[in-house]
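Okay, structure first, notes after.
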Amino acid sequence: MIIMIAAVAENNALGKNNELVWHLPNDFKRFKSLTSGHHIIMGRKTFESFPKPLPNRTHIIITRQKEYQAEGCIIVDSMDKALAICPKNEDTFIIGGGEIYTLGLPFTDKIEITRVHHNFEGDAHFPEINDDEWKIIVSEFNEKDEKHLYDYSYQTFLRK
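Position 56 of the sequence shown, counted from 1, bears residue number 56 in UniProt numbering, the numbering being contiguous throughout.
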């Protein structure tokens, strides 16, 4: 199954200046538990926003830079090539950024969203989830607390 996973503001903002604009420790834990042991597909800028490659995951980086290299990662120049590398009988996660989500949406079977209940200024955005194509099957609301400055919901969508 091809699964997109993202933390997204109410206005679909993903981040600004290649950084998240919120801090939700529970979202990081959820991301880690869902993606560990799997192939993850991302754009170059998303990869470069990490301090180091994420442990226990196979990184596939999509970039137009012909000479780009990242130790221990697979580099490709298209979503088709990225998906072709992934095992067909296992979950594969598309983890961003905005352009990669747009490229990956037609191939996606499931979307795992952490919806941050706030609007943020951003320069990368998640594509619109069309109600005609997707149905929400899980929505779990979480109130803000001492570690989470914003209310947020975990939402799971399946393609109709």
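We treat Cβ as the ideally placed atom computed from N, Cα and C, and that holds for glycine.
Alpha carbon to alpha carbon, how far is P25 from E143? 13 Å
Starting from I85, trace the alpha helix (DSSP H) in both directions and tell me its first and last residue. Residues M79 to I85.
Coil, strand or helix - K110 by DSSP: strand
Excluding the 5 residues preceding and the 5 following H38 in the sequence, name in chain order all residues of the same chain whose CB lies nearer than 8 Å to its CB. Correct list, in chain order: R57, T58, E90, D91, T92 and F93.
Would you identify the three-state DSSP class for K135, choosing helix, strand or coil? strand
For the UniProt domain "DHFR" (1-159), list the beta strand (DSSP E) runs that are entirely contained and at least 3 residues long, ordered along the chain. Segments of the beta strand (DSSP E) lying fully in the UniProt domain "DHFR" (1-159): 2-9, 13-15, 39-43, 58-62, 74-76, 92-96, 110-116, 134-142 and 152-159.
Please name the residue in E140, E146 and G122 whose C-alpha comes closest to that of A13. G122
Is any beta-carbon of chain C found at less than 7 Å from that of F28? The displayed structure is made up of one protein chain only, and chain C is not part of it.
Supposed close pair G98, A124 - CB separation, criterion 8 Å: 4 Å
Just how far apart, CA to CA, sit K45 and I5? 16 Å
Is the beta carbon of D151 less than 7 Å from the beta carbon of H117? yes
Beta-carbon proximity list for H148, same chain, < 6 Å, skipping 5 on both sides: Same-chain partners within the cutoff: L24.
Which listed residue (A9, E67, F50 and T114) has its alpha carbon closest to that of residue 161: Nothing can be reported for residue 161, as the shown portion of the chain is limited to 1 through 160.
Residue nearest to Q65 in terms of C-alpha spacing, selected from E71, P55, C73 and D77: D77
Taking Cβ positions, are L158 and K88 nearer each other than 7 Å? no
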